[in-house]
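Residue 568 is where the sequence shown starts when you use this note's numbering, and the numbers rise one by one after that.
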Amino acid sequence: MLELVDSHSHIDVAEFEGDRDEVVRRARERGVTRQIVPAIQASTWPALRDLCAREAGLHAAYGLHPMYLDAHLPSHLDDLAGWLARSDCVAVGECGLDFHVEGLDPARQREIFERQVQYAREFELPLVIHARRAVDEVIATLRRLGPRAGGVVHSFPGSHEQALQLFKLGFCLGFGGPITYERARRLRDVVARMPLEFLLLETDSPDQPLCGHQGARNEPMRLVEVLEAVASIRGIDAARVAEQTTANASRIFPRIG
Ligand SMILES: [Zn+2]
568 MLELVDSHSH
578 IDVAEFEGDR
588 DEVVRRARER
598 GVTRQIVPAI
608 QASTWPALRD
618 LCAREAGLHA
628 AYGLHPMYLD
638 AHLPSHLDDL
648 AGWLARSDCV
658 AVGECGLDFH
668 VEGLDPARQR
678 EIFERQVQYA
688 REFELPLVIH
698 ARRAVDEVIA
708 TLRRLGPRAG
718 GVVHSFPGSH
728 EQALQLFKLG
738 FCLGFGGPIT
748 YERARRLRDV
758 VARMPLEFLL
768 LETDSPDQPL
778 CGHQGARNEP
788 MRLVEVLEAV
798 ASIRGIDAAR
808 VAEQTTANAS
818 RIFPRIG
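Right under this line is the structure:
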């Protein structure tokens with residue numbers, strides 16, 4: 568059977584409150600045996616830690632997401648260092664920049680993101696990055712601050728040229744639901760042209776539903792459909808894509824085993 572890693576799943580959020588165990592089981596049955604679960608804000612870190620300790624195959628990243636800017640306090644950035652020092656922590660994130668959503672102060676976003684990039688360097692951890700209308704600035708920040716352990720730009724929204732720049736910086740690109748839509752030409756072109764060693768599969772559950780499941784809660788078992796989309800775009804066997812993207816996840820996030 569295929570062994571897959573969902574490199575971006577928010578299985579800890581309230582949308583899964585009623586049936587989380589069942590959702591994890593369903594995913595596992597389809598071969599999605601591991602999930603990387605990036606945190607959103609400080610208040611969720613303890614429950615995320617407990618969930619990942621309880622469920623084999625769930626791996627926590629701790630961080631402060633740019634879309635939840637209003638929830639972040641200066642003390643959270645200080646506290647984050649302690650959470651990143653934990654042995655169960657596989658990455659720093661979710662962090663990044665979002666210049667699409669209105670009302671998120673860019674200066675504060677930058678301050679919080681840059682501190683997390685510095686932490687990644689200090690703790691030699693990979694980064695899980697959210698970059699919306701901000702890919703060029705994310706690239707510039709990574710060049711300037713030089714994190715050492717690479718990471719992923721999740722749900723990559725950029726161009727082939729930007730993808731190549733991230734590749735040179737040691738970053739992988741995460742692809743999920745959006746590539747299953749035929750109209751996503753530029754995105755599918757990036758998926759087709761980049762080396763397979765550079766791609767990670769993700770669902771971003773419960774967000775970013777796949778083509779055919781619009782309006783529904785997304786969940787990690789649908790990673791198999793993302794896999795099939797990548798295989799079909801590249802015109803290669805799904806087993807080959809599964810093998811390589813799972814190896815990529817272990818390379819970028821060594822602590823998932
Ligand atoms: Zn996310």
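Glycine is no exception: its CB is placed at the ideal position from the N, C-alpha and C atoms.
Residue(s) in a DSSP beta bridge with residue i
i	result
Val738	Checking the sequence, you will find Phe at residue 738 rather than Val. For Phe738, which the question treats as bridged, DSSP gives the partners Gly718.
Asp835	The requested residue 835 does not occur in the structure, where the chain is confined to residues 568 to 824.
Ser642	Beta-bridge pairing links Ser642 to no other residue.
Val572	Arg601
Ile696	Cys662, Val720
Ala627	Val604, Cys656
Ser817	In DSSP, Ser817 forms no bridge with anything.
Leu768	Phe742
Residue burial classification, residue i (beta-carbon count within 10 angstroms, cutoff 16)
i	result
Arg601	buried
Arg711	exposed
Leu647	buried
Val808	buried
Pro773	buried
Ala752	The question names Ala, but residue 752 in the sequence shown is Arg. So Arg752 counts as exposed.
Ala698	buried
Ile696	buried
Val604	buried
Glu678	exposed
Ser610	exposed
Ser576	buried
Val668	exposed
Gln676	buried
Same chain only: Cβ atoms within 6 Å of residue i, ignoring 5 sequence neighbours per side
i	result
Leu790	Leu571, Asp573, Val599, Leu768, Thr770
Arg682	Leu644
Ala783	Pro776
Ile607	His632, Tyr635
Glu792	Leu777
Leu709	Leu736
Gln732	Ile706
Gln729	Val702
Rounded distance between the beta-carbons of residue j and residue i, thought under 8 Å
i	j	result
Ile823	Val719	With a Cβ gap of about 12 Å, Ile823 and Val719 do not count as contacting.
Val702	Val758	Wrong, their Cβ atoms sit about 16 Å apart, outside the cutoff.
Leu740	Leu766	6 Å
Val659	Leu625	In fact, because the Cβ distance is near 17 Å, the residues do not count as touching under 8 Å.
Pro633	Phe680	7 Å
Arg755	Ile800	5 Å
Same chain only: Cβ atoms within 8 Å of residue i, ignoring 5 sequence neighbours per side
i	result
Gln775	Ser722, Gly743, Gly744, Pro745, Asn785
Met568	Gly598
Close Cβ partners of residue i (< 7 Å) along its chain, the five nearest in sequence each way excluded
i	result
Glu622	Val591
Pro673	Phe666
Ala816	Val572, Ser574, Leu767, Ile823
Glu584	none
Glu691	Arg715, Ala716
Arg688	Leu712, Gly713, Pro714, Arg715
Arg760	His727
Ala614	Asp579
Ala805	Leu794, Glu795, Ala798
Heavy atom of ligand 2 within 7 Å of residue i beta-carbon
i	result
His577	For ligand 2, the structure offers nothing, since it holds only ligand 1.
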